[in-house]
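*Asks:* Mind the numbering: the sequence shown is residues 109 to 504 in my numbering, read in order.
Virtual Cβ for every residue (Gly too), placed ideally from N, Cα, C.
In this text the structure is predicted, and so the values were computed from the model without any measurement.
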Amino acid sequence: MVNKTCHQLGTAPSVIRELFAYGLQQAAAIGAENVYDYSLGNPSIPAPEKVNQAICDILRDTDSIQVHGYSMAAGFNGTRNAIAANLNKRFGTDIKAENLFLTCGAAPALISVIKALAVDNNSEIIAVAPFFPEYRPFVESNGAKLVVVPADTEAFQINMDALEQCITPCTQGIIINSPNNPSGVVYTRQTLEQLAVILTRKGEEYGHPIYLISDEPYRELVYGGVEVPFMPTIYKNTIVCYSYSKSLSLPGERIGYVCVPDSVENAADVYAAVAGAGRAMGHVCPPTLMQLVIERCADELPDLAAYDENRLLLYGALTEMGYECAKPDGAFYLFVKAPNGDANAFSQKAKLEHNLLVVPGDGFGCPGYLRLSYCVSGDMIRRSLPAFKAMIESYR
Ligand code: PLP
Numbered sequence: 109m110v111n112k113t114c115h116q117l118g119t120a121p122s123v124i125r126e127l128f129a130y131g132l133q134q135a136a137a138i139g140a141e142n143v144y145d146y147s148l149g150n151p152s153i154p155a156p157e158k159v160n161q162a163i164c165d166i167l168r169d170t171d172s173i174q175v176h177g178y179s180m181a182a183g184f185n186g187t188r189n190a191i192a193a194n195l196n197k198r199f200g201t202d203i204k205a206e207n208l209f210l211t212c213g214a215a216p217a218l219i220s221v222i223k224a225l226a227v228d229n230n231s232e233i234i235a236v237a238p239f240f241p242e243y244r245p246f247v248e249s250n251g252a253k254l255v256v257v258p259a260d261t262e263a264f265q266i267n268m269d270a271l272e273q274c275i276t277p278c279t280q281g282i283i284i285n286s287p288n289n290p291s292g293v294v295y296t297r298q299t300l301e302q303l304a305v306i307l308t309r310k311g312e313e314y315g316h317p318i319y320l321i322s323d324e325p326y327r328e329l330v331y332g333g334v335e336v337p338f339m340p341t342i343y344k345n346t347i348v349c350y351s352y353s354k355s356l357s358l359p360g361e362r363i364g365y366v367c368v369p370d371s372v373e374n375a376a377d378v379y380a381a382v383a384g385a386g387r388a389m390g391h392v393c394p395p396t397l398m399q400l401v402i403e404r405c406a407d408e409l410p411d412l413a414a415y416d417e418n419r420l421l422l423y424g425a426l427t428e429m430g431y432e433c434a435k436p437d438g439a440f441y442l443f444v445k446a447p448n449g450d451a452n453a454f455s456q457k458a459k460l461e462h463n464l465l466v467v468p469g470d471g472f473g474c475p476g477y478l479r480l481s482y483c484v485s486g487d488m489i490r491r492s493l494p495a496f497k498a499m500i501e502s503y504r
């Protein structure tokens, strides 16, 4: 016998992975230049040179036992100090090493926080559509209920009335993700301030804090000078889940953190429960080499020129053809309305007729839309445009 929930999760098909696998298979059969794969969100710009240099320097200069050894469960103080200094310099906060718990990326950070907040089977965690599909298993596997705020398909901000209706005495937390996967939209300061007002009011009404879980792997991926407000400066009960997967193009190296600022109500208990959740799942002591790299590279920023070129090229071309698309200010995704509203049919037809691989929005809680990851080569985008044109024309 095996655990039913785990078995289900392990065997449930992933549309994104299936499209990606199909793309690889087609590339082998008809040539990679004839396949237009927008399925995966795998960074396509190299990690900053300073990161590679730091790896070489650390391997050369540091005792091998230490580089490959365990750290403390929460991570090295030096790394946590460097991260805290970076955040404080940029956002005027007073975060300290003790507020940070290093993790193997954003996924374990999120799971640890959700587990820490899922007090019993009645606990509810809210997500705002469209949302990263893994939130569902992260929440449900911890015995809590995922409550979804329907998407605001006008601007892809947050539908505040719908959100307010989703909050109940059982609401423990709400996850937000800005810049957003899959919409590419950045929540405005006005949206976030409105959100803070509602959460504060509801928290007071129910007599317990409603924690905001701010999932920020794309925090640094923003274009045209658009502001990405740092949520702890707007709402005191914010817990940040961060990852270097996208900002430093290091998804395979598995490094990120949870930040529980002192302003969070019961901060010490929340931090202890996050640490305990990490312990329960074995999510402790992330890769030592990467911790040492982040200590040296906490101030590094990505060179976004290639993503920005892709964004402008694809957004410009698709909207000119007549596609409707959320304004893409951040991350590396476009969220495009399916021409006749049926994103699954569009995705299937595009795949079979043009080897054009785009992800239907159903799994993101937003049917009728298609996610395109533009972390690809500009050349592939240019080659794919006739396929997009043929697709939209076939619906006219
Ligand atoms: N949250 C969002 C919104 C993501 O898009 C991703 C990865 O794509 C993650 C979390 C997980 O990131 P990580 O690779 O750091 O675990």
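Between Asp165 and the rest of its own chain, which residues show a CB-CB distance below 7 Å, the 5 nearest in sequence each way excluded?
*Replies:* For Asp165, same chain residues with a beta-carbon under 7 Å away, outside a window of 5 residues either side, do not exist.
*Asks:* Looking at the strands, I want to know which residues DSSP matches up with Phe443.
*Replies:* Arg479
*Asks:* Taking just the CA atoms, how far does Asp437 sit from Leu467?
*Replies:* Just to set this straight, residue 467 is Val in the shown sequence, not Leu. Going from the Cα of Val467 to the Cα of Asp437 covers about 20 Å.
*Asks:* May I have the straight-line CA-CA distance separating Glu432 from Gln280, to the nearest angstrom?
*Replies:* Near 35 Å, if we compare the C-alpha coordinates of Gln280 and Glu432.
*Asks:* How long is the line joining the alpha carbons of Pro151 and Arg244, rounded to whole angstroms?
*Replies:* 24 Å
*Asks:* Assuming contact is defined by CB atoms lying nearer than 8 Å, are Phe209 and Tyr365 in contact in what I supplied?
*Replies:* yes
*Asks:* From Ile163 to Pro475, what does the alpha carbon distance come to, in whole angstroms?
*Replies:* 43 Å
*Asks:* Over the uninterrupted alpha helix (DSSP H) stretch that includes Pro455, give me the two end residues.
*Replies:* Sequence inspection shows Ser at residue 455; the Pro mentioned does not correspond to that position. Taken as a continuous stretch (DSSP letters only), the alpha helix (DSSP H) holding Ser455 covers Ala451 to His462.
*Asks:* Taking the C-alpha atoms as reference points, what is the distance between Val330 and Ala434?
*Replies:* Cα-Cα distance, rounded: 15 Å.
*Asks:* In terms of residue numbering, what span does the alpha helix (DSSP H) encompassing Ala495 cover?
*Replies:* Gly486 to Ser502
*Asks:* Could you have a look at Phe209 and say whether DSSP puts it in helix, strand or coil?
*Replies:* strand
*Asks:* As a quick exercise: from Ile321, Ala383 and His115, pick the residue whose alpha carbon is nearest that of Ile234.
*Replies:* When each option's Cα is compared against that of Ile234, the closest is Ile321.
*Asks:* Which runs of the beta strand (DSSP E) fall wholly inside the segment 336-367 and span at least 3 residues, in chain order?
*Replies:* List check, beta strand (DSSP E) in window: 346-351 and 364-367.
*Asks:* Relative to ligand 1, is the shortest distance from any of its heavy atoms to the C-beta of Asp437 smaller than 7 Å?
*Replies:* no
*Asks:* Have a look at the DSSP bridge pairing and note the partners of Val257.
*Replies:* Val236
*Asks:* Counting C-beta neighbours from all protein chains within 10 Å, is the total for His115 16 or more, i.e. buried, or is it exposed?
*Replies:* Residue burial annotation: His115 is exposed, with fewer than 16 other C-beta atoms found within 10 angstroms of its C-beta.
*Asks:* Which stretch, first to last residue, makes up the alpha helix (DSSP H) that contains Thr299?
*Replies:* Arg297 to Tyr314
*Asks:* For Met268, which residues of its own chain have a beta-carbon under 7 Å away from its beta-carbon, when the five flanking residues on both sides are left out?
*Replies:* Gln302 and Ile306
*Asks:* Is the CB-CB distance between Val378 and Val392 below 8 Å?
*Replies:* no
*Asks:* Determine, using beta-carbon pairs with one atom in the segment 251-264 and one in the segment 409-423, whether at least three such pairs fall under 8 Å.
*Replies:* no
*Asks:* Which residues in the same chain have their Cβ closer than 8 Å to the Cβ of Glu141, if we skip the five residues on either side of it in sequence?
*Replies:* Around Glu141: Arg491.
*Asks:* Hey, out of Glu312, Ile222 and His462, whose CA is closest to Ala388's CA?
*Replies:* Ile222
*Asks:* Drop a sphere of 10 angstroms on the beta-carbon of Thr427, count the other beta-carbons inside from all chains shown, and report buried for 16 or more, exposed for fewer.
*Replies:* exposed
*Asks:* Can at least three beta-carbon pairs, one atom from the segment 392-408 and one from the segment 177-187, be found at a separation below 8 Å?
*Replies:* yes
*Asks:* Smallest Cα separation from Cys212: which of Ser353, Tyr314, Ala451 and Ala446?
*Replies:* Considering only Ser353, Tyr314, Ala451 and Ala446, the residue with the shortest C-alpha distance to Cys212 is Ser353.
*Asks:* Out of curiosity, what's the CA-to-CA distance linking Glu206 and Ala193?
*Replies:* 12 Å
*Asks:* Where does Pro241 fall in DSSP's three states?
*Replies:* coil
*Asks:* Quick check: does the Cβ of Ser286 come within less than 7 Å of any heavy atom belonging to ligand 1?
*Replies:* Residue side-chain check: Ser286 keeps its Cβ at 7 Å or more from all non-hydrogen atoms of ligand 1.
*Asks:* If the criterion is Cβ atoms closer than 8 Å, does the pair Phe443 and Gly292 meet it?
*Replies:* yes
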